[in-house]
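For reference, the structure is listed below as structure tokens.
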Amino acid sequence: MMMCRIRWIVKSLSLPVMIAGLLLTFGLDCFLYISHQQKEGEIFTPYAIHRLEGIDGMVKW
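Position in the sequence shown (from 1) plus 1055 gives the number in my numbering.
In structure tokens, the structure reads:
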């Protein structure tokens, strides 16, 4: 009985955890890229803007 409940909890949590992991990875990648661009002196190159819009069009400047 307890194992079934644990298995159900793991199954129900796996999708939100995957989505959160993808968002975290994407956000960290963008943050590192933009901070690297800041050091170079060009914050928003067309490439950076394209990267931000490219994932699904949700992030627009």
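Even for Gly, the Cβ is constructed at its ideal location relative to N, Cα and C.
At the level of alpha carbons, what is the spacing between residue i and residue j?
| i | j | result |
| --- | --- | --- |
| GLY1076 | SER1067 | 15 Å |
| ARG1058 | ASP1084 | For clarity, residue 1058 is Met in the given sequence; the question names Arg instead. Approximately 37 Å between the Cα atoms of the pair. |
| GLY1082 | ARG1060 | 33 Å |
| LEU1070 | ARG1062 | 14 Å |
Spatial neighbours of residue i within its chain, please: C-beta separation below 6 Å, excluding the five flanking residues on both sides.
| i | result |
| --- | --- |
| MET1073 | none |
| TRP1086 | According to the sequence shown, residue 1086 is Phe rather than Trp. Around PHE1086: no qualifying Cβ. |
Apart from the five residues on each side of it in sequence, which residues of its chain come closer than 7 Å, Cβ to Cβ, to residue i?
| i | result |
| --- | --- |
| SER1090 | none |
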